[in-house]
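Let me begin by presenting the structure, written as structure tokens, before commenting on it.
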Amino acid sequence: MSQWKQIQQLEVGLLEHVDYLYNDNFPMDVRQGLADWIEGQDWETAERNESMAAMLFTNLLGQLERSCAQEPNFLQRHNLKIIHQQLQMKYNTNPGLIARVISNCLREERRILSSACMQQQVVRHPRLTYSLSIFSSELNQLMDQAVKYIEDMQDEFDLRYKTLQSRGNLYSLVTCDLHPELLEWRRRQQVSIIGGPLLTGLDLLQNWFTGTAHSLFQIKRQLDKLGELVVKVTYEGDPIPLQTPHMAETVRCLVYLVIKSSFVVEVQPCMPTHPQRSLIIKTGVQFTTKVRLLVKLPEVDYQLKVKTTFDKNRQFFILTNSTKAMDVEDSANGCLSVEFRHLGLLSVTEELHSLSFEAHFMVLGLAIDLETTSLPLVVISNVSQLPAGWASVMWYNLLTDEPRNLGYFGNPPRASWSQLSEVLSWQFSSFAGRGLNPDQLLMLGEKLLGTQPNYPVIHVSLSHFCLLQENIPGKAFSFWIWLESILELIRKHLLPVWNDNYIMGFVSKEKERALLKGKEGGTFLLRFSESHLGGITFTWVEQADNGESNFTSVEPYTKSRLIALPFADILRNYKVISEGLVTDNPLKFLYPNIPKDEAFSRYYNSPQSKGNATVSVLVCVCLHTMFQIGSRLKMTQGI
């Protein structure tokens, strides 16, 4: 089954995440109409290959033209023609951009499909749903009694006292159950933004908020009826006339609390070009965000006007129209929401910022001013600032659930290694498809903190983690910049090999030699360079006649070399030139004992030629030593 068909079978909540992926940069009509063809192309390679991107873009336009010509529906054919023109104008001079956009969309679809298999509902809904259903049932019974009492003009005061008692039950439901669940959902949203489990549960919250609001409006109507009854029937010392104003005020306050709390940011601000890096926006680059009202009632005016403001209490401005009307979504939940696309900032700012959303709500004669804010944003002026910006986003959302602490980095708290290591693993699972195992995390802990007796309780400062003022000893880069460069290397050049768990990656030189020692000659393993940004290297072992293990390593391969030749082909064609002699490929088995071709043949770019397609590498081999010194790499052909 194609990926797109699997996507269409997802539940509504996950389909909303899919809907967010598609916009004017890559319309969903194109994804739907050309699903099989799109999935059959290598967009990830095209991202970094301009000629391939141009070819795929030309083919995409051709496919779109054929689809348009075969489309029987006039309106759909007209829309496809417009989309064809828009894509041609937008990407004609930069086909690599659409390759990156489509690649990101396909990658996010795979992440959503993966999350759908493992996602467990973490909201504690049985207790709250039961509480709400019991309360609604009791309230419905009370309403039936009220109608009968009003008709018969009997037992009026019984009705009044029961209404008075129900007030306390509803107050407990709102303050002790509903509000904590909303806070927990917001916390899970923070975690999902920095790579944690995919966020779900908002539809269930909407059901609870809607049910609670409906109950409050029923009580308000009962109080109005009580007022009418008191005029007709009362007695000396009747407590109802004294209690009714207080009850009405309590209900009004609860309505305000429920409605104002139900106005949430469903999708935090994010640039379409970097869908996995929410809460970072670049000046001059458009971004998208979405707010939602979790109350669905017939009494609601569905044309709420929502205004956006960047840093409400500061003097910054948002490009394009910042006011839009909320409307009912065409989905199963029918939620009231509005999505802001194509927003942009005029100038670069510093520190943390926020995006505010305001609306005026009218219901049953009550005027309610709604306001909610995004999580704190980081604004950058250059893509080179993205890694540092993302470190700030991770640090904030890992360590605090305060939504508006814009001065947080004036004195940021420390993170325990237990917390930080989990987030680092999330970066690899969300950005590269596979997280880190305990051994890999242990190596990272040693690199960042040195040898420690108990890593989980050791605390790390933000500056030690990512700022240039505290670089890795002897290096010109920080720990996070080093790790970010590896993520980028995996995403662009090593993704299939990484996801198939063939790259050990994070292992020290000492442990590398300990693992290879005693292994069959030609056994090698792959690890990331500790001395270069975004580099991968390999070391193999040879067994000498005297029983010693000799280890040979090569200089790291970085993106500048992997652009020219895929890493799997380098491993396949590797040769050693020593003293003018060309030896056979020394790489035989991937650690622990997997034949090289069995592991990597599926990644080879093309069949190996018989005479002149080998790649030779000049390596200074240090025999009878535990490491290699001064190795040089030289690519040659036709040997």
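With positions in the sequence shown counted from 1, the corresponding number in my numbering is that position plus 81. Heads up, the beta-carbon is just placed ideally off N, CA and C, and yes, glycines get one too.
Taking the alpha-carbon of residue i as reference, which of the options has the nearest alpha-carbon?
i, options, result
"glycine 602", "Ile562, Asp665, Val578", "Asp665"
"aspartate 678", "Leu662, Ser659, Val657, Asp650", "Asp650"
"arginine 653", "Arg642, Glu120, Lys669", "Lys669"
"methionine 443", "Gln367, Tyr337, Ser544", "Tyr337"
"valine 366", "Cys351, Leu564, Leu374", "Cys351"
"leucine 349", "Val622, Ser630, Thr369, Lys341", "The question names leucine, but residue 349 in the sequence shown is glutamine. Nearest of Val622, Ser630, Thr369, Lys341 to glutamine 349, Cα basis: Thr369."
"glutamate 593", "Phe560, Ala440, Glu611, Leu576", "Glu611"
"proline 537", "Glu527, Ser544, Leu543, Thr618", "Glu527"
"serine 343", "Ile562, Val474, Glu439, Gln222", "Glu439"
"histidine 574", "Leu596, Ile617, His613", "Ile617"
"threonine 291", "Ser217, Val376, Thr354", "Val376"
"leucine 323", "Asn140, Gln299, Asn130, Leu304", "Leu304"
"proline 484", "Leu156, Glu265, Asn154", "Glu265"
"arginine 267", "Ser217, Tyr172, Ser455", "Ser455"
"leucine 307", "Asn288, Met328, Trp289", "Met328"
"phenylalanine 681", "Trp579, Asp626, Thr453", "Trp579"
"histidine 540", "Pro519, Leu501, His441, Asn518", "Leu501"
"threonine 604", "Asn674, Asn627, Ala625", "Asn674"
Return helix, strand or coil for residue i, following the three-state DSSP convention.
i, result
"glutamate 452", "strand"
"serine 634", "strand"
"glutamine 89", "helix"
"leucine 662", "strand"
"methionine 136", "helix"
"arginine 205", "Residue placement at arginine 205 is poorly supported in this model, since its pLDDT is 47, which falls under 50; the coordinates are not used for a value here."
"glutamine 157", "helix"
"arginine 495", "coil"
"isoleucine 539", "coil"
"phenylalanine 587", "coil"
"proline 457", "coil"
"glutamine 84", "helix"
"arginine 373", "strand"
"serine 437", "strand"
"valine 464", "helix"
"asparagine 104", "strand"
"glycine 94", "helix"
"valine 366", "coil"
"proline 577", "helix"
"lysine 162", "helix"
"isoleucine 179", "helix"
"leucine 714", "For leucine 714, the predicted structure reports a pLDDT of 34, less than 50, and the residue's modelled location is therefore unreliable. The matter cannot be settled from this model."
"glutamate 347", "strand"
Nearer than 7 Å: is that true of the beta carbon of residue i relative to any heavy atom of the ligand SAM?
i, result
"leucine 280", "Here there are no bound small molecules, and the ligand SAM is not part of this structure."
Report back the beta-carbon spacing between residue i and residue j to the nearest angstrom; my notes put them in contact at under 8 Å.
i, j, result
"glutamine 270", "leucine 280", "5 Å"
"leucine 385", "histidine 295", "At roughly 19 Å, the Cβ-Cβ gap does not stay under 8 Å, so leucine 385 and histidine 295 are not in contact."
"proline 577", "tyrosine 684", "6 Å"
"asparagine 148", "glycine 114", "The sequence shown places serine at residue 148, rather than the asparagine named in the question. The pair is a contact, with the Cβ atoms about 5 Å apart (cut-off 8 Å)."
"glycine 177", "glutamate 146", "That belief does not hold up - the Cβ atoms of glycine 177 and glutamate 146 are roughly 22 Å apart, past 8 Å."
"valine 332", "leucine 297", "6 Å"
"isoleucine 571", "leucine 614", "Their Cβ separation, rounded to whole angstroms, is 13 Å, which puts isoleucine 571 and leucine 614 out of contact at 8 Å."
"serine 462", "lysine 388", "Between lysine 388 and serine 462 the Cβ distance is about 26 Å, and since that is not below 8 Å, they are no contact."
"valine 657", "proline 667", "6 Å"
"serine 359", "proline 278", "About 15 Å separates the two Cβ atoms, so there is no contact after all."
"leucine 335", "tryptophan 289", "In fact, because the Cβ distance is near 14 Å, the residues do not count as touching under 8 Å."
CB residue i to CB residue j, shorter than 8 Å?
i, j, result
"asparagine 478", "isoleucine 193", "no"
"cysteine 186", "tyrosine 101", "no"
"proline 468", "histidine 434", "no"
"valine 99", "glycine 276", "no"
"leucine 568", "alanine 496", "no"
"serine 511", "leucine 522", "no"
"valine 622", "lysine 600", "yes"
"leucine 525", "phenylalanine 587", "yes"
"arginine 472", "phenylalanine 558", "Before going further, note that residue 472 is alanine rather than arginine in the sequence given. Going by C-beta atoms, alanine 472 is not nearer than 8 Å to phenylalanine 558."
"leucine 606", "leucine 597", "yes"
"glycine 94", "aspartate 284", "yes"
"arginine 181", "threonine 293", "no"
"lysine 371", "leucine 451", "no"
"leucine 168", "leucine 142", "yes"
"valine 732", "isoleucine 584", "With the chain covering only 82 through 720, there is no way to say anything about residue 732."
"leucine 543", "tryptophan 476", "yes"
"leucine 161", "aspartate 110", "yes"
"tyrosine 172", "isoleucine 163", "no"
"isoleucine 749", "isoleucine 183", "It is not possible to answer for residue 749, since the shown part of the chain is limited to 82 through 720."
"glutamate 189", "glutamine 84", "no"
"threonine 620", "threonine 633", "yes"
Considering only residues of the stretch 272-344, which uninterrupted alpha helix (DSSP H) runs meet the minimum length of 4 residues and lie entirely inside it, listed in chain order? 283-313, 321-342
Mind listing, in chain order, the continuous beta strand (DSSP E) runs of no fewer than 3 residues lying wholly within the stretch 601-632? 604-609, 616-624
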